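Peer 1:
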Amino acid sequence: MKDEFAERFEQFKTNKSTLAFIVNPLNTNTNEINIEPFGIDAGSLQMQLLNLKTKDFWSGKFTELKSKLEELEVQKCMHIAQHKWTALKEIPRVEALIFGTWNSLPECYSEVKKLAYGVLTIFDIFVRASVLLHEYNKK
1 MKDEFAERFE QFKTNKSTLA FIVNPLNTNT NEINIEPFGI DAGSLQMQLL
51 NLKTKDFWSG KFTELKSKLE ELEVQKCMHI AQHKWTALKE IPRVEALIFG
101 TWNSLPECYS EVKKLAYGVL TIFDIFVRAS VLLHEYNKK
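Residue numbers (UniProt numbering): 1 to 139.
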């Protein structure tokens, strides 16, 4: 099981651009993204990404998301440094911010959203698997 996990983790390293897409689609090179597992039309994806980048309102959502995520990390570090464990629980969940941003996009960005939701689903499965493996190794 450890070998299988290590192999899967290695796949995540090679798909770095695909994973980065969920929080930074505006600076994504579509040639570096693995869209095969998601059944996405490459041409439509490129056109939708181009459209997204040129619309200030929608592209601003991702600029704002990135700023919020950076701000949350600073808050987490401050709370940890000050041993404010209760305050850590009050910080908004990163997943909620990411999904909120993607959910706000209209359906004209269907291929872009399909890729984001696919990556988020796989990432969630990966995180759950790593927690299970950690618990398994404790025994």
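We treat Cβ as the ideally placed atom computed from N, Cα and C, and that holds for glycine. Remember, predicted model here, so these are calculated numbers, not experimental data.
Buried or exposed for S130, going by 16 or more other Cβ atoms inside 10 Å?
Peer 2: Model confidence at S130 stands at a pLDDT of 49, short of 50, so the residue's coordinates are unreliable and nothing is read from them.
Peer 1: Closer than 7 Å by C-beta to K114: which residues in its own chain qualify, once you throw out the five before and the five after it? Chain order, please.
Peer 2: Same-chain partners within the cutoff: F38 and I40.
Peer 1: Around the C-beta of P25, are 16 or more other C-beta atoms found within 10 angstroms, so that it is buried, or is it exposed?
Peer 2: Label assigned to P25: buried.
Peer 1: How is the alpha helix (DSSP H) around G60 delimited, first residue to last?
Peer 2: D56 to A81
Peer 1: What is the residue span of the alpha helix (DSSP H) that T18 lies within?
Peer 2: K16 to A20
Peer 1: Going by CA-CA distance only, name the one from V112, L120, V119 and F123 that's closest to N51.
Peer 2: V112
Peer 1: For E32, which option in L105, L19 and E90 has the closest C-alpha, if you only look at C-alpha atoms?
Peer 2: L19
Peer 1: How would you label Q62, buried or exposed, when you count the other beta carbons within 10 angstroms and need 16 or more for buried?
Peer 2: Before going further, note that residue 62 is Phe rather than Gln in the sequence given. So F62 ends up on the buried side.
Peer 1: Considering E95, what are the terminal residues of the alpha helix (DSSP H) in which it resides?
Peer 2: DSSP places E95 inside the alpha helix (DSSP H), whose first and last residues are V94 to S104.
Peer 1: Under 7 Å from any heavy atom of the ligand HEM, does the C-beta of K84 make it?
Peer 2: The ligand content of the structure shown is nil, which means the ligand HEM is not present either.
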